[in-house]
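For reference, the structure discussed in these notes is given below.
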Amino acid sequence: MFLFFFFFFKFIIMTSSNAVPSLFGGKSKLIAVIGDEDTVTGFLLGGIGEINAKTRKPNFLIVDKNTKLMDIEEAFKNFLTRDDIGIILISQYIAEMIRGLVDGHDKSVPAILEIPSKEHPYDASKDSILRRARGMFSADDFK
Numbered sequence: 075m076f077l078f079f080f081f082f083f084k085f086i087i088m089t090s091s092n093a094v095p096s097l098f099g100g101k102s103k104l105i106a107v108i109g110d111e112d113t114v115t116g117f118l119l120g121g122i123g124e125i126n127a128k129t130r131k132p133n134f135l136i137v138d139k140n141t142k143l144m145d146i147e148e149a150f151k152n153f154l155t156r157d158d159i160g161i162i163l164i165s166q167y168i169a170e171m172i173r174g175l176v177d178g179h180d181k182s183v184p185a186i187l188e189i190p191s192k193e194h195p196y197d198a199s200k201d202s203i204l205r206r207a208r209g210m211f212s213a214d215d216f217k
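Have a look at this one:
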């Protein structure tokens, strides 16, 4: 599952570079990650790590048992307001901690994707994007 996410988002990064027309109006966007150490490290090794030149803030947050809820909320809000971020990947168990903020986001960019982590499997019933998508379609739409 991790390899799927890695190659999928690596493809998005490569296609949004200056060499190829971007999905975001010609300007490439970053992927932000909020997750446990293993999840974030995997994505950083895949090449998504960046530090904002103006604010000197990274596009990732490693959450461990000592991370305060306020720090997670602050990082998430920061990623939502940054104009250089197009996708926010957040481990689903962390998204549950800040469910109100995640569900309150109604814009298409940055897109929020909830991903599994090593210790916490993915539960589709908790995914806010999937719930919204199910509400848009009925079974008759697929006949």
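Numbering (the numbering used here), first residue to last: 75 to 217.
The beta carbon of each residue, even a glycine, is placed where N, CA and C say it ideally should be.
Bear in mind that the values here come from a model prediction, so they are computed numbers and not experimental data.
Just tell me which of the options has its CA closest to the CA of residue i.
i, options, result
"Thr-129", "Lys-139, Thr-115 and Asn-152", "Asn-152"
"Leu-175", "Ser-199, Asp-157, Asp-197 and Ala-149", "Ala-149"
"Ser-202", "Glu-170, Phe-117, Lys-139 and Ile-122", "Glu-170"
"Glu-188", "Ser-182, Lys-200 and Lys-101", "Lys-200"
"Lys-181", "Ile-162, Ser-191, Pro-195 and Pro-190", "Ile-162"
"Lys-142", "Ile-168, Gly-120, Ser-191 and Pro-195", "Ile-168"
"Lys-101", "Leu-118, Phe-117, Ile-164 and Val-183", "Val-183"
"Gln-122", "Lys-139, Leu-154, Asp-158 and Glu-147", "Here residue 122 is Ile; the residue named in the question, Gln, does not match the sequence. Taking only the C-alpha atoms, the option nearest Ile-122 is Asp-158."
Does DSSP put residue i in a helix, in a strand, or in coil?
i, result
"Val-107", "strand"
"Ala-198", "helix"
"Gly-178", "helix"
"Glu-188", "strand"
"Ile-146", "helix"
"Ile-172", "coil"
"Asp-157", "coil"
"Phe-81", "For Phe-81, the predicted structure reports a pLDDT of 48, less than 50, and the residue's modelled location is therefore unreliable. A value from the coordinates is still provided. In the structure shown, Phe-81 sits in a helix (DSSP, three-state: H, G or I)."
Tell me residue i's beta-bridge partners as DSSP assigns them.
i, result
"Phe-117", "In the DSSP output, where bridge partners are listed per residue, Phe-117 has none listed."
"Phe-134", "Val-107"
"Ile-122", "Its beta-bridge partners do not exist; DSSP assigns none."
"Ser-165", "Ile-189"
Write down the C-beta distance between residue i and residue j rounded to the nearest angstrom, noting that I regard them as a contact closer than 8 angstroms.
i, j, result
"Asn-126", "Arg-173", "Wrong, their Cβ atoms sit about 26 angstroms apart, outside the cutoff."
"Asp-197", "Gln-166", "7 angstroms"
"Gly-160", "Leu-104", "7 angstroms"
"Ser-69", "Thr-113", "Coverage of the chain is limited to positions 75 through 217, which leaves residue 69 absent and any answer about it impossible."
Hey, is residue i's beta-carbon within less than 8 angstroms of any beta-carbon in chain B?
i, result
"Lys-200", "The structure shown contains no chain B; it holds only a single protein chain."
*asked:* Quick check: the segment 130-139 against the segment 107-116, are at least 3 beta-carbon pairs closer than 8 angstroms?
replied: Flag = yes, the segment 107-116 and the segment 130-139 touch.
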